[in-house]
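K.L.:
First the structure, which I've put down as structure tokens, then a few questions once you've had a look.
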Amino acid sequence: MHLLTKATTATAVLLAIPGVQGNLNQLAKAAGKLYFGSATDNSELSDSAYVNVLKNKDEFGQITPGNTQKWQYTEPSNGVFDYTQGDVITNFAEANGQILRCHNLVWHNQLPSWVSSGSWTAAQLTDVINAHIASEVGHYKGQCYAWDVVNEALNDDGTFRADVFYNVLGTSYLPIAFKAAAAADPDARLYYNDYNIEYSGAKATAALNIVKTIQAAGAPIHGVGFQGHFIVGGTPSQTDLTNVLNSFVALDVDVAYTELDVRFSSLPANAAGYAQQANDYGAVVGACLAVSRCVGITVWDFDDKYSWIPSTFSGQGEACLYWQNLTAKPAYYKVQSLLAAAATATSSVSSSTAISTIKTTSTPTTTLVTTISKTTVTSSTTKTITTAAAPTKTAAHWDQCGGNGWTGPTVCASPYTCKKQNDWYSQCL
Ligand SMILES: *[C@@H]1O[C@H](CO)[C@@H](O)[C@H](O)[C@H]1NC(C)=O
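Next up, the structure:
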């Protein structure tokens, strides 16, 4: 498994950039998204061939720790907190200039038995949740662009999962958790995250109701994460995916695909299967591109070598964008081409929008500009990233500053300079 030669690694890196069309994150940003990212895990970071791909922020501009921010790692016994393993991932992301989605705070699984098997009053369990979130979100304050605050609260039929949180607190644990996270890091975007809510049905409706419940309780919720664990040939249509995203956006939350992979339900795969897998990945990417408040896409690792699928679904696999030999699959090129096309279209849409705005209105309009607060990698101060071509005078660190059709600022804030990444995208570095 670890016998990849240096020559193979170099080949894989070159093949990932066919015709130098740009890497996934830089294309996603040029298309108006905040990131294209990947999950990773501690044990994988000793694989240098894998790390050489993962650490490239042009390819993966966002990292999610796959396991080691979960409760079993961070508070293994009551009041005993341990962030050593989670810090390995967050430090990796920061060293490489990658945004962090942090994962997760309240979940029935990978939950230590002192929580799940405790006999709690409502007041006691509320204190346990508040203390856990205050410590963990406080520890990572300023580092996490987003937190998955509550994960997988629902059964597939749309009823609430009867875990310790629901059994003791009913749905009140939802706003309790979101309020605690907001108190500990007011700048983090706070998400509800689940699977099988990507397509219309009882579970998606129940997730919409979760957003409404949290909002009605006066707690902040900024986004919903759609895990996106799909099966080749069984992935929802782009239309259904888009409609569901829009139904959540109508509640004034961001949306994101947070754990995307598309697995073969039986192996070995053949050429037709790889083509179908490419189309399935394409439907998901297309849905995110079609919805402006879809901020980004995260794959649940990019390399079949480290996919969770084979150990969880016996006989299934090959779910990732790259084969185990770190060669990109047809699905990779599908994703890349859709992002590149959207990057080009985004540039022409922003210029025509700007022109029509000038012609048709004399009052200032601000609705096109969405600002997202994010933490810089080198300090605890926050900065603002614009996700549309904002009429600001200078572009901030990491922001776009040029490219075909670009109408936004072309001068970078000091001390950064505008560097061409490809024909569609220059960035302040
Ligand atoms: C990588 O593995 C895949 C699947 O086994 C194979 O089709 C492809 O040719 C391999 N590529 C390289 C460069 O070894």
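Here the sequence shown stands for residues -22 to -1, 1 to 407, numbered as in mature numbering (1 follows the signal peptide of the UniProt record, and there is no 0).
Ideal Cβ placement from N, Cα and C applies to all residues, glycine included.
#1: For ligand 1, is there any heavy atom lying closer than 8 Å to the beta carbon of W98?
#2: Pop quiz: P308 and A253 are said to be a contact at Cβ under 8 Å. What is the actual Cβ separation, rounded to whole angstroms?
#3: Under 8 Å: do the region 234 to 249 and the region 188 to 199 share three or more Cβ pairs, one atom per stretch?
#4: Which of the three DSSP states is assigned to A162 in this structure?
#5: Three-state secondary structure (DSSP) at S392?
#6: Here's the rule: buried if 16 or more other CB atoms are within 10 angstroms of the residue's CB, otherwise exposed. What is S97?
#7: Runs of 4 residues minimum, wholly inside the region 239 to 321: which ones carry the alpha helix (DSSP H) assignment?
#8: Give the C-beta separation of G295 and D282 to the nearest angstrom, bearing in mind that I take them to be a contact with Cβ-Cβ under 8 Å.
#9: Less than 8 Å separating the Cβ of N276 from some heavy atom of ligand 1?
#10: With a 10 Å radius around its C-beta and 16 neighbouring C-beta atoms as the bar for buried, classify P43 as buried or exposed.
#11: Can you list every residue whose CB sits closer than 5 Å to some heavy atom of ligand 1, going in chain order?
#12: So Y169 packs on D126, CB below 8 Å; how close in whole Å?
#13: For T183, I'd like the list of residues in its chain whose CB is within less than 7 Å of its CB, leaving aside the five on either flank, ordered along the chain.
#14: Counting beta carbon pairs with one atom in the region 55 to 74 and one in the region 103 to 123, are three or more of them shorter than 8 Å?
#15: Quick one: is T395 buried, meaning 16 or more other Cβ sit within 10 Å of its Cβ, or exposed?
#16: Jot down the residue ranges of each uninterrupted beta strand (DSSP E) in the region 120 to 181, minimum 3 residues, whole runs only, in chain order.
#17: In the structure shown, what three-state DSSP assignment does E237 receive?
#18: Within the continuous alpha helix (DSSP H) that includes A8, where are the two ends?
#19: At the 9 Å Cβ level, is A318 part of the contact set with chain B, yes or no?
#20: Relative to the C-alpha of F291, which candidate in V233, F208 and A228 has its C-alpha closest?
#21: May I have a chain-ordered list of the beta strand (DSSP E) segments no shorter than 3 residues that lie completely inside the region 66 to 108?
P.N.:
For this structure:
#1: no
#2: 6 Å
#3: no
#4: helix
#5: coil
#6: exposed
#7: 249 to 268 and 287 to 290
#8: 7 Å
#9: A quick correction: the sequence has Thr, not Asn, at residue 276. No, the beta carbon of T276 sits no closer than 8 Å to any heavy atom of ligand 1.
#10: buried
#11: W301, N303 and T305
#12: 5 Å
#13: G136
#14: yes
#15: exposed
#16: 124 to 129 and 167 to 172
#17: strand
#18: L2 to A8
#19: Here there is only one protein chain, and chain B is not present.
#20: F208
#21: 77 to 84
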